[in-house]
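Have a look at the structure below before the remarks.
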Amino acid sequence: MLVATTSFSGPLLAAPFAYITNQLENSLSVIDTDDNKVVATVRIPGKPAGVAVSPQGDRVYISTPEAKGFAVYDTKKSEVIAKVKVSDGALGIAVAPDGKRIYVADWYNNAVDVVDAESLDIIKSIRVGESPSGLVVSPDNHWLYVANRLSDSVSKIDLDDLTVTQSTLVGSHPFGITIDTRGERIYVANVQSDNVTVLETKRLLPIATLKVDELPYASALALNDSRLFVTNQDDSSVSVIDTETFKPLARIEVGNKPEGINTHPDDRHVYVANWFDSTVSVIDAKTMKVIETIKTGNGSRAFGQFFGK
Amino acid sequence: MNNMPFYQWPKDMKQTLVLLCAFLTFPLSAFAHGPTPQKGLDSITINAPVEAVWDMVKQFDAIATWHPDVKASKGDGKNASDGIRTVTLQGGDIVEMLDHYSEQDHEYNYRLKTENPQALPISSHSTSLQVTAGDEANTAVVTFKSRFYRADTGNTPSATQNDEAAVNAMTAFFKNGLVGLKNKMEK
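Residue numbers (the working numbering), protein chains in the order written: chain A, 5 to 313; chain B, 3 to 189.
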């Protein structure tokens, strides 16, 4: 087992790291994005799938569906410091913008578990639609949006009283969900209908449906939210869409079976986990070209938000 | 990536790597829970030209002509997106559908449309078959790549419908198909 440690006592958070879950080999690849090298491979039992990095960058929460919960990785100590049991089928995971709560979608029990980040106790389990998967918290920390894969819907949860206030139908089998920096729009990748539903968040109404390629899985925004990047799992590609005109701009070839996708805190480089190839592709959002491919571990999924901001 | 505007560290602040073994003490999970996609990958080199091998496998609904585990196959004859085939295996029928077909790349991708755990213990798959040129002249390499889920995606699958059963079945299906194809082509 290879674990990173540090040769100094200062903060380890100067260069952003990407934390990539490798589900088939029970590990987490830590990529130093300064030179795009894997600097540590951490053993995470329980088939790690989802990932969420705390806003301070000090904790990485990794859902482990076969361990029925999630692991907490401390980025300063470079070690797993806790393993939390929450539910039967933890997959989607998100952390609040203030770092105080963790949200875990329970695939089997159709609920979202709200966990206190300090005590790691469950505060509440909120009933949502069937097979909840992607989760995203609004930047103002007032709302949680949940993609319910088998209900073909998105639920909106009020984070003050932890109740579902609204649900709306989207495309077929929504999975990954992304919110813009102003919290005004969410983008939902619909795996079975090969499109992305754009919802305005205030009334939770669809404003556009964007055609992409086969089996869209998740998305990421870059360049001041002007471009949306969508992984097409069955097409080994990423679709790029202009978020103003909703017109397609490019189709970028990446590795085989791309899944998790996130934008680097520099707002320019988009990282894509390729499940079949066990690699990460780095896309320059401006030129819309792959500029680097990084070898990770077997079955890279990285579903969620794998960069600290 | 030297031109990227990433935050720079002084060199001495770089992480160093150490091997630590006694550090994480999680018990290994004894049972599989939750949906974990499984990976299938197999290929074989055949002593025949790419075009000849492609001619044998290109008709999507005629898999029974070359795959020894397939008792019969039929379909709509369409070698394009949405083309359908019904594949009869020892334990019954499954239905598969084309997502993408490329004569030029000698490749097609397809997915499971109607499952049948008695025939094949998986609930869904997305699979590609491609014929490429081998290293030697007049040889071809045939490759299967697949992403699939076990038959019972619930939390407590039986031994015949768990991840292991799914991996064993798909591994055997690809292996037998490739060996059968090679035998047929090299006969």
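By construction, the Cβ of each residue, glycine as well, lies at the ideal position given by its N, Cα and C atoms.
Check	Outcome
Contact under 9 Å by Cβ, A/THR201 with A/LEU214	yes
B/VAL133 to B/VAL55 span [Cα, whole Å]	7 Å
CA nearest to the CA of A/VAL46, picked from A/LYS81, A/ASN40, A/GLN60, A/ALA19	A/LYS81
Short-range partners of chain A found in the region 153-182 of chain B, where Cβ spacing is below 8 Å	GLY156, ASN157
Within chain A, the residues that B/ASN111 reaches when beta carbons sit closer than 7 Å	ASP238
Pair within 9 Å by beta-carbon distance, A/ILE161 and A/VAL132	yes
is_contact[A/ALA306, chain B] using C-beta, thresh 9 Å	no
Of the listed residues A/THR283, A/ALA22, A/THR247, nearest to A/GLY259 (C-alpha basis)	A/THR283
Three-way DSSP call (helix, strand, coil) for B/PHE62 in this model	helix
C-alpha distance - A/LYS251 paired with A/ASN266, whole-angstrom precision	21 Å
Segments of 3+ residues assigned as beta strand (DSSP E) that fall wholly inside the region 124-174 of chain B	124-135, 142-152
Span of the beta strand (DSSP E) around B/SER45	40-48
Proximity below 9 Å, CB of A/ALA277 to CB of A/ALA254	no
The region 222-232 of chain A / the region 190-199 of chain A touching (three or more Cβ pairs under 8 Å)	yes
Proximity test, A/THR267 beta-carbon vs the ligand ZN heavy atom, cut-off 8 Å	In terms of ligand content, the structure shown is empty, and the ligand ZN therefore cannot be addressed.
Cutoff 6 Å; reference A/ASP239; Cβ partners in own chain excluding five residues on either side	ASP217, GLU218
Rounded Cβ spacing between A/THR247 and A/SER230 (contact assumed at less than 8 Å)	6 Å
Chain B contact for A/ASN260 (CB, 9 Å cutoff)	yes
Touching by the beta-carbon criterion (3+ pairs, under 8 Å), the region 83-92 of chain A and the region 135-147 of chain A	no
Residue-level contact to chain B via CB, A/ASP92, 9 Å cutoff	yes
Within the region 67-125 of chain A, ranges of the beta strand (DSSP E) (whole runs, at least 3 residues)	73-78, 83-89, 94-99, 105-110, 115-120
Nearest candidate by alpha-carbon position, reference B/LYS41, set A/GLU134, A/ASP281, A/LEU148, A/ASP62	A/ASP281
Close beta carbons around B/PRO119, own chain, < 7 Å, minus the five adjacent residues each side	ALA153, GLN163
Closest residue to A/PHE74 among A/ALA289, A/ASN302, A/ALA98 (Cα-Cα distance)	A/ALA98
Chain A contacts from the region 41-72 of chain B (Cβ-Cβ distance under 9 Å)	LYS41, LEU43
Beta carbon proximity, B/ASP101 to chain A, threshold 9 Å	yes
DSSP-derived helix/strand/coil call for B/PHE176	helix
Residue-chain proximity (B/GLN17, chain A), Cβ-Cβ < 9 Å	The pLDDT assigned to B/GLN17 is 38, lower than 50, so where the model puts this residue is not dependable; a value taken from the coordinates is nonetheless given after this. Output row for B/GLN17: interface = yes.
Residue-level contact to chain B via CB, A/TYR112, 9 Å cutoff	yes
C-alpha gap between A/THR272 and A/LEU203, whole angstroms	Note that residue 272 of chain A corresponds to Arg in the displayed sequence, not to Thr. Distance between the alpha carbons of A/ARG272 and A/LEU203 is about 24 Å.
Cutoff 9 Å: B/SER128 Cβ touching any chain A Cβ	yes
Contacts around B/SER125, its chain only, beta-carbon distance under 6 Å, and the 5 residues preceding and following it disregarded	GLU117, TYR151, ALA153, THR155
Proximal residues, the region 70-89 of chain B versus chain A, C-beta separation under 8 Å	none
Beta carbon proximity, B/LYS184 to chain A, threshold 9 Å	no
Rounded straight-line distance, which links the Cα of B/VAL89 to that of A/THR182	39 Å
Option nearest A/ASN199 by Cα separation, candidates A/THR185, A/PHE179, A/GLU188	A/PHE179
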